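Chains as they are written, first to last, in our numbering: chain G, 9 to 295; chain A, 6 to 347; chain B, 77 to 687.
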């Protein structure tokens, strides 16, 4: 069910928005997404999160792949690198290794992440490189005008599966949990405030954070993942969910039919930078 | 197609070389292996005195350029010593344990320089001259106008001694029963020959055996030979030329007849149908004398090698055992010997 | 010194000898070669050495270590060795023929068991070669109570025979075994000395003479390096800060050395999950301001081409070391080849020209790697340093650069006028505009693999102007100060035969050219080090001077021939060999002679006609 929104007064709201400063994280470029796309919530959420965390624009880097997410960096005022299909994670890893002080956010869609980019996920996660990976999962390839993706539902019909998709979709959250990601959470573009809060937590987490964002593709999927369907399907994680319990998180993540929103799992362990610094110390004393 | 015949020649001197060349000329298909202890391809030992005429490049001494062995497909195994020959199995065993099967074997290992027993202890101080390396070590030990002491003086030694005199060195010859070996010389002629050598400038000591060789003291000449009468002769280098003894130890298990040398018929065939012998190592049956005799001399050795090779490859020739064996002095006072004809 | 059968007083003015050591993997063959080459370097000689390993991981496969020591700089190993040491006759017998006439073959002259005919190397030595058999095993047992040090005994024998200074070998042996128990060093020294005495006592019949070292050379300055080691040294001296790599033969040792060395220098090292990730992390790190590099071989480069294209389009510097091996595809992983020129120069979609440097020897590997970062940063594009398996694994003596020659240049931070937006891709005359790095205040911008405006925003109409910028900015690289991008050797002015080459093959080309000159042929050789962009002027001038130009390459398609011929519109003659081994000097020489003969005949014919 979509979040209930209280009635607001336009002038008050605009004043509030202008006052809190998160608009300064938007660039002058007009987004090219379809009206109603979940990416608008995502962009908004990111600016709110960066603002809330007090991260300077010049210290943040947004790295995108290929897809509707491609243009994302152009719409925010941070540093940005629009890269190749499926390669955001190693590029982001390189950027973070180059400069620990940067806040590095990698983002992409379900195709960029789980089709061509799938091979890089386990390694970025297990290394615990301190970046935030946000995957916008609309179960379809939108930019190329609507093809089946690794997270499309069984039976989904597109131009490349005109006789219905026969492949089981992946379990992204289970995969990331198994890949040893130290922070795993899920949000929904139809709940923008919760999404922004989740982004704050994801970015604040020290280590590899994975935020899975469910969204419709308003243009090419009018049947399966619509706001209506998603709104009804999503739920919150149980109040007593133990974010330190990997198997409990796995169990929740296995519930395709009822995707839960919230922080599934978090742990603290040395980041890649800390490991590298420790290596340098050992190397210095061994030398 | 059966494997080609393997002819193995033990000995890399004149006889062996002559045999190898002859075999190849008569049979283009057979395999030929020459086994020698020497490290160089064939050169005539009688050319070794050339090292005193500043010929230090052994390549000048070679009978043929090394590439010829490849052209003629003669497998030359150098620095190799035979330790056993098994006539029944027809294999030759080398010191490094390699087993070489043969179809036909020619033994022409020549002989070892004989050293009087009483000088065996001093062998380390006595130089050799039987190979290029030995000749070079002698030449390097001898300063300009150096002094050589020669014990015995067989025909090989006399030839060297004459070269030494000619190149400005001093030679002292301590003569004994081996002087002029292999010639058997009557006492009267012996005196004439010794006098002829003295006339050439050699110092000749006769009837006075050497009993020992010692290293000279610092500042003195490198060697000193003590004589049985108590006298001493000092010099830079001591050489012994007392004839040669046939090198046959490795043949003792072959099952052929051996006296001092390998016994062969006038065809140079041993008692084993696959083994021949030629050169200084063999004694040839002389039907007139009814004995097996040695036939030394540089010319003889070559002739024997070539003849044996012809017989190994099907001929039926006989070595002329009635060759004369003569030494005399010519009108100019030079020694002439059939040993030196080649 | 062993008594010399030639004039013992002779000490020739120059030295150029090559010693090959052949044995099985368990014999310490490579270790012996290692000591010999280090000793030769300390003695002051130029050294080139190359080891061949067996393909199996374990077992007793054949190893050959070849070391060439010379008083003048040479550029390749010789086709014939001057001496061969056999530590294992079964392996060494096929190589007995590689020793030249009057060279030495050194071997064990006893055996523990009977051998069939032909199993001992003494039966395979040509009449013109000199056999030196001696009792290595027995000497080892007497000196150290074990036969294990036979290889060191043999090394001592070689040193004694050829009159090399034993004390220098002692120094190298002590250094090599220094980290082990003292008894190990002692045993090896005893074994060496025992062999040395045996060698000294041997009467020398060969004419291999170890004469004077290079005039005025000090062995202490030179460092023995492989091509891979030289690359690592160059990168470290240039201030490499991060390295990303994936194991692949023959580049793995670059990664392994940096895994150990980079953290010690305060840098960061990561082994990635594949070559795509390695290249991607390199471009990501470089984007964020780190001096980043990766190394791979042909198959890995094929995977990296998309990332290289991104670097070209987004104008992000990166350094990629490529060591070629036999191809295509998995190809011949342990054999050398020069068949990735096309991939380096052209690989990737679109007009994606980048800078490619191809050194010709180990010192070149050091220099090109050392200069790669500053060139990549100036031209804001990927720089590929292209070597091959032969160079990667070949040892040469190198005199390291002084005065921090490769030290990084200070960064130019873009300065903005008030109210001005930062134009990352400002269309300037040089084509270069300063790069802002994440973290620089007020200069935020996004870069992209899409065609983009001066501001970096996606834009298609500007494609002609940006294409021109990306290509023309590179042109001045052909004259980059301190870098030899191409060089001519041999006769100046008009020549009958010109030989154009690149990479390690240039060593063989130079030797063939020198031999041809000695025979009276007017010829000249040119090495092309910068393959992209090509130094068109000097190459064209070279072609103007040569009646014919021959391009010998270790690839089938004649990749340099094609590149140059196409670029300047002149015909070339090709000489291609893909044997997995370096080119044979004699084959290049034969071709030079043939062309020289044809050129002379042509001149004569023309003279006849004309007159």
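All C-beta atoms, glycine included, are put in the ideal place defined by N, C-alpha and C. On a predicted model such as this, the values are computed, not experimentally measured, just so you know.
- The alpha-carbon separation between residue 608 (chain B) and residue 430 (chain B) amounts to approximately 7 Å.
- Residues of chain B with a Cβ closer than 9 Å to the Cβ of residue 74 (chain A) are, in chain order, 202, 203, 204.
- Residue 444 (chain B) sits away from residue 377 (chain B), with the two beta carbons spaced by 8 Å or more.
- The residue from A:339, A:235, A:56 with its alpha-carbon nearest to that of residue 204 (chain A) is A:339.
- For residue 71 (chain G), the uninterrupted beta strand (DSSP E) run begins and ends at 68 to 72, by DSSP.
- The alpha-carbon of residue 147 (chain A) is positioned some 13 Å away from that of residue 134 (chain A).
- Look at residue 10 (chain A) here: in three-state DSSP terms it is coil, with no helix or strand label.
- Restricting attention to B:671, B:353, B:616, B:641, the CA atom closest to the CA of residue 102 (chain G) is found in B:353.
- Annotation: Cβ neighbours of residue 349 (chain B) in chain G (cutoff 7 Å, chain order): 127, 128, 131.
- Interface with chain B (8 Å Cβ-Cβ cutoff): residue 274 (chain A) is excluded.
- Around residue 244 (chain A), the same chain offers 131, 132, 133, 134, 143, 153, 154, 155, 156, 162, 165 as residues with beta carbons nearer than 8 Å, after the five sequence neighbours per side are excluded.
- Residue 175 (chain A) sits in a strand when the DSSP states are folded into three classes.
- Burial state of residue 222 (chain A) is exposed, judged by a 10 Å Cβ sphere holding fewer than 16 other Cβ atoms.
- Just measuring C-alpha positions, the residue of B:136, B:339, B:107, B:370 sitting nearest residue 245 (chain B) is B:107.
- Non-local beta-carbon contacts of residue 213 (chain B) in its own chain, meaning distances under 7 Å to residues more than five positions away in sequence, involve 184, 186, 223, 226 in chain order.
- Excluding five sequence positions before and after residue 575 (chain B), the CB atoms of its chain that fall closer than 8 Å to its own CB belong to 585, 588, 589, 599, 600, 601, 602, 625, 626, 627, 628, 664, 668, given in chain order.
- Within the region 368 to 381 of chain B, the residues whose Cβ lies closer than 7 Å to some Cβ of chain G are 368, listed in chain order.
- With respect to the 8 Å criterion, residue 241 (chain B) and residue 119 (chain B) are classified as neighbours on the basis of their beta carbons.
- Not a single CB atom of chain A sits nearer than 8 Å to the CB of residue 158 (chain B).
- Secondary structure at residue 227 (chain G): coil, using DSSP grouped into helix, strand and coil.
- The beta carbon of residue 217 (chain B) does not come within 8 Å of any beta carbon belonging to chain A, so the residue lies off that interface.
- Distances from the CA of residue 521 (chain B) to each of G:67, G:27, G:209, G:45 were compared; the closest alpha carbon is that of G:67.
- A straight line joining the alpha-carbon of residue 486 (chain B) with that of residue 612 (chain B) spans about 31 Å.
- Cβ neighbours of residue 101 (chain A) within its own chain (closer than 8 Å, five residues either side excluded): 85.
- Burial check for residue 579 (chain B): the Cβ neighbour count within 10 Å reaches 16 or more, so the residue is buried.
- Secondary structure of residue 218 (chain G) (DSSP, three-state): strand.
- If you draw a 10 Å sphere on the C-beta of residue 205 (chain B), you find 16 or more other C-beta atoms in it, and that means buried.
- Residue 293 (chain G) is classed as exposed because its beta carbon has fewer than 16 other beta carbons within 10 Å across all chains shown.
- Listed by position along chain B, the residues whose Cβ is nearer than 8 Å to that of residue 67 (chain G) are 514, 515.
- Collapsing the DSSP output to three states places residue 263 (chain G) in coil.
- In this structure, residue 172 (chain B) places its C-beta atom within 8 Å of the C-beta atom of residue 181 (chain B).
- Counting only residues of its own chain and dropping the five nearest sequence neighbours on each side, residue 266 (chain A) has a CB closer than 7 Å to the CB of 251, 253, 286, 287, 288, 299.
- Boundaries of the beta strand (DSSP E) around residue 369 (chain B): 368 to 372.
- For residue 277 (chain B), not one C-beta of chain A is nearer than 8 Å to its own C-beta.
- The residue from B:633, B:643, B:644 with its alpha-carbon nearest to that of residue 652 (chain B) is B:633.
- Chain-order list of chain A residues neighbouring residue 193 (chain B): 103, 104, 105, 106, by C-beta distance under 8 Å.
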